[in-house]
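Down below is the structure, laid out as structure tokens.
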Amino acid sequence: MSVPSVPAVPGVRTRARRGSRAAGRREQPPAGVSRTAGYFFVALYVVLLLALGIAPVVYAIYLALSSSGGFGANFSDAFNDYRFLPAFEHVLEFIALWLVSQTILVVALVLMLHSLARRVGAVFRFLFYIPGALAGAASVIVWLFMLDPTASPFAFILHWLGYAQFDNTIAPGNLPAIFAIMAFWTGAGGWIVVMYGALNNIPHELLEAAEIDGSNAFQTAFRIKLPLIRKWVVYMLVLAFAGGTQLFVEPTVLGSAALGVGISKYWSPNQLGWFLASQYDEFNEAAAISIVLLAFGLIVAAILVWRGRLFEVE
Amino acid sequence: MALPRRHAIRFVGLVILLFFTAFFFVPIIWLLLAPTKTDGQLLTESPFAFGSLSTLAHTFHRIVTYSGDSLLIWLKNSAIYSFGGTAVAILAAIPAGYGLALTEFIGRRTLLGITLVVMIMPATALVLPLFLEMNAIGLVGTIWSLILPFGFFPFGVYLAYIYFSSTIPKDLLAAARIDGAKEWGVFRYIAVPLARPIIGLVGFFAFVASWNNFFLPFVMTYDNSQYPLQIGLQQLIGSTASFNPANYSAGSSVVVLHRPDLAMAVIIAIAPVVIVFLFAQRTLVKGMLAGATKG
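As you go down the protein sequences, you meet chains A and B in turn. If you read the first sequence in this note's numbering, its first letter stands for residue 1, the second for the next number, and so on. If you read the second sequence in this note's numbering, its first letter stands for residue 315, the second for the next number, and so on.
As structure tokens, this is what we get:
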């Protein structure tokens, strides 16, 4: 899967809270509910969860820990692999560029759209959202075209930057920025839709009161609207961080457009893990890398669920 | 003085919005127009010029018949994996959401907590562990190595849970239970008929996630006859002259693809998702808001 495209629905979660709180009041099951029927309904899902969610993780941990070289040998092998640190540096550079630009731009665009007339804003939101349909390899290919100075509609910008040929554009030093652009292009629209929805929950009276009190558009945006979407910005940052460490599709597909470019088959940690497993049958070391990455995702998810108060389900 | 300043700010804002509209939308326009032109026209004509319908037909024919109808094989594979995964996801998620929302059993809260954690974890984090597991039990290269993981869809369970806990009137269920309906009967004859929107919503998200998945089929499939479209697209880059000129020395007998062919392939690959999205939009929005309006 590509860098996490936004689930188009997180709006559901905040909105749904009202409903679920009502459900939370139900301490005792309603009269007549069988206490065993529930197992029957969740059975298939639980089987899938155990077989495809828990078992692979347990097996990967087992592989990562089992080694003739002693406890933790696979992890130290992975950390000492000369390809390991560069791979992490690559994704961290990508994440830094992506998160900073996406946060600033998404917030700015949302606030601007929200100050427009409703219908006009809707048109822009739709236009920004469309690239979200092109996840995975498709969006990378679109950007291969956009980055090719000989055919791109953005050729004038590329020429201005001094890139005359495709391989100039995709020079190794540019890759983190290029992946950040791709991720922003497919993902930003979804977040804009979500945050716009959050802004629409602001009561009209509040905005009117601010206006009557002499607050101008900027003050309203920064003092009233921004604090109200802060939670979503944090949510976006954390999800993007966890997803960014998993980068795989973009460097892999870009690597297929060889053209003598220096993108290795182990540019990102996930690629390195796959490279070790598929080329050298180094399953234990690959498992160790996947556990490190998995830990990132798990920690982030757990923090969000327990501390983030975004999912007050019960 | 205040008025001109306000106009200036509005103007700057408009320029920024138009810039980003171009950023988001120009690539799409370019992609749609590219197959109507020849590779040479792509380089010489305006990026927004329309080529001709006959060129479009020619490009379509070239890419569809390329390398023994490969594109059609990938399309068929994508359909099998995605519809299979979606079917499993619906069969598992709808009853599970109902069970979590409206029945009581030991471990219910724990299961809900685990579901939330797995749901927000990036799906890619499980790909390598899944490969290691499937490899150990010998399922790599079979359709099950894709359909089953696609069918494991905690986000769908969460959506169904929210839907059932906020839209089904509790009194209705209580009345049915008092009338002696068994729990299965309540689910089958009351909950399921009311759950159409959420079935559509879970189905849509499961389908799109499966259709667009790249990493999982990348590790689970071996050859052309098994690839879904996402992997096929990557293969096509390798055959595209402008991206891999070294592969095609002069006089080579290999059929070479050009940029318009690749653009056509991308359009074919994303078409199903876009079509489903456009047609289902109303239902989707309804389903998404369903948890919000009542409660």
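C-beta: ideal position from N, C-alpha, C; glycine also.
Take the Cβ of residue i as the centre, count every other Cβ of all protein chains shown within 10 Å, and call the residue buried at 16 or more, exposed below.
{"i": "residue 468(B)", "result": "buried"}
{"i": "residue 351(B)", "result": "buried"}
{"i": "residue 27(A)", "result": "Note on residue 27(A): pLDDT 44, under 50, position unreliable in the model; the coordinate value appears next. It counts as exposed."}
{"i": "residue 250(A)", "result": "buried"}
{"i": "residue 619(B)", "result": "Absent from the model: residue 619(B). The displayed extent of chain B is 315 to 609, so no value can be given."}
{"i": "residue 114(A)", "result": "buried"}
{"i": "residue 282(A)", "result": "buried"}
{"i": "residue 334(B)", "result": "buried"}
{"i": "residue 306(A)", "result": "exposed"}
{"i": "residue 544(B)", "result": "buried"}
{"i": "residue 537(B)", "result": "exposed"}
{"i": "residue 328(B)", "result": "exposed"}
{"i": "residue 529(B)", "result": "buried"}
{"i": "residue 546(B)", "result": "buried"}
{"i": "residue 139(A)", "result": "buried"}
{"i": "residue 62(A)", "result": "exposed"}
In whole angstroms, what is the alpha-carbon distance linking residue i and residue j?
{"i": "residue 24(A)", "j": "residue 479(B)", "result": "Because the pLDDT of residue 24(A) is 43, which lies under 50, any placement of that residue in the model is unreliable, and the number read from its coordinates should be weighed accordingly. In a straight line, the C-alpha of residue 24(A) is about 9 Å away from that of residue 479(B)."}
{"i": "residue 21(A)", "j": "residue 412(B)", "result": "Low confidence applies here, because residue 21(A) scores a pLDDT of 41, under 50, leaving its location unreliable; read the following figure in that light. Distance between the alpha carbons of residue 21(A) and residue 412(B): 17 Å."}
{"i": "residue 512(B)", "j": "residue 504(B)", "result": "14 Å"}
{"i": "residue 12(A)", "j": "residue 400(B)", "result": "Caution is warranted here: a pLDDT of 39 is assigned to residue 12(A), below 50, making its placement in the model unreliable, and no coordinate value can be reported."}
{"i": "residue 55(A)", "j": "residue 447(B)", "result": "8 Å"}
{"i": "residue 326(A)", "j": "residue 501(B)", "result": "Missing from the structure shown is residue 326(A); chain A here goes from 1 to 314 and no further."}
{"i": "residue 247(A)", "j": "residue 268(A)", "result": "6 Å"}
{"i": "residue 458(B)", "j": "residue 395(B)", "result": "9 Å"}
{"i": "residue 162(A)", "j": "residue 433(B)", "result": "44 Å"}
{"i": "residue 84(A)", "j": "residue 453(B)", "result": "29 Å"}
{"i": "residue 99(A)", "j": "residue 60(A)", "result": "30 Å"}
{"i": "residue 463(B)", "j": "residue 320(B)", "result": "54 Å"}
{"i": "residue 383(B)", "j": "residue 101(A)", "result": "42 Å"}
{"i": "residue 40(A)", "j": "residue 534(B)", "result": "31 Å"}
{"i": "residue 441(B)", "j": "residue 57(A)", "result": "10 Å"}
{"i": "residue 300(A)", "j": "residue 238(A)", "result": "7 Å"}
{"i": "residue 119(A)", "j": "residue 179(A)", "result": "32 Å"}
{"i": "residue 241(A)", "j": "residue 201(A)", "result": "27 Å"}
{"i": "residue 417(B)", "j": "residue 36(A)", "result": "9 Å"}
{"i": "residue 112(A)", "j": "residue 213(A)", "result": "21 Å"}
{"i": "residue 236(A)", "j": "residue 325(B)", "result": "29 Å"}
{"i": "residue 123(A)", "j": "residue 381(B)", "result": "41 Å"}
{"i": "residue 230(A)", "j": "residue 218(A)", "result": "16 Å"}
With distances taken from CA atoms, which of the options is nearest residue i?
{"i": "residue 164(A)", "options": "147(A), 274(A) and 218(A)", "result": "147(A)"}
{"i": "residue 245(A)", "options": "185(A), 105(A) and 298(A)", "result": "298(A)"}
{"i": "residue 77(A)", "options": "38(A), 286(A) and 296(A)", "result": "286(A)"}
{"i": "residue 87(A)", "options": "266(A), 275(A), 304(A) and 281(A)", "result": "266(A)"}
{"i": "residue 461(B)", "options": "415(B), 527(B) and 546(B)", "result": "527(B)"}
{"i": "residue 296(A)", "options": "407(B), 431(B) and 378(B)", "result": "431(B)"}
{"i": "residue 74(A)", "options": "301(A), 300(A) and 291(A)", "result": "291(A)"}
{"i": "residue 274(A)", "options": "525(B), 331(B), 438(B) and 506(B)", "result": "438(B)"}
{"i": "residue 426(B)", "options": "591(B), 473(B), 330(B) and 549(B)", "result": "473(B)"}
{"i": "residue 484(B)", "options": "554(B), 508(B) and 325(B)", "result": "508(B)"}
If we call anything under 8 Å between Cβ atoms a contact, is residue i one with residue j?
{"i": "residue 541(B)", "j": "residue 391(B)", "result": "yes"}
{"i": "residue 340(B)", "j": "residue 153(A)", "result": "yes"}
{"i": "residue 444(B)", "j": "residue 52(A)", "result": "yes"}
{"i": "residue 353(B)", "j": "residue 510(B)", "result": "no"}
{"i": "residue 551(B)", "j": "residue 303(A)", "result": "no"}
{"i": "residue 475(B)", "j": "residue 571(B)", "result": "no"}
{"i": "residue 522(B)", "j": "residue 587(B)", "result": "yes"}
{"i": "residue 189(A)", "j": "residue 338(B)", "result": "yes"}
{"i": "residue 373(B)", "j": "residue 349(B)", "result": "yes"}
At a threshold of 7 Å, does residue i count as lining the ligand MN (C-beta to nearest heavy atom)?
{"i": "residue 399(B)", "result": "Of ligands this structure carries none, so the ligand MN is not represented either."}
Check whether the region 573-583 of chain B touches the region 334-354 of chain B, counting contact only when three or more Cβ pairs, one atom from each stretch, lie closer than 8 Å.
Taking 8 Å as the limit for Cβ pairs, the verdict is that the region 334-354 of chain B does touch the region 573-583 of chain B.
Taking contact to mean 3 or more Cβ pairs, one atom from each stretch, closer than 8 Å, check whether the region 91-98 of chain A and the region 171-184 of chain A are in contact.
Yes, the region 91-98 of chain A is in contact with the region 171-184 of chain A.
Three or more beta-carbon pairs under 8 Å between the region 393-407 of chain B and the region 36-50 of chain A, yes or no?
A contact exists between the region 393-407 of chain B and the region 36-50 of chain A.
Looking at C-beta atoms only, is the number of pairs between the region 190-208 of chain A and the region 128-136 of chain A that lie closer than 8 Å three or more?
The region 190-208 of chain A, when compared against the region 128-136 of chain A, does touch it at the 8 Å Cβ threshold.
With a cut-off of 8 Å, do at least 3 Cβ pairs link the region 180-189 of chain A to the region 100-107 of chain A?
These segments touch.
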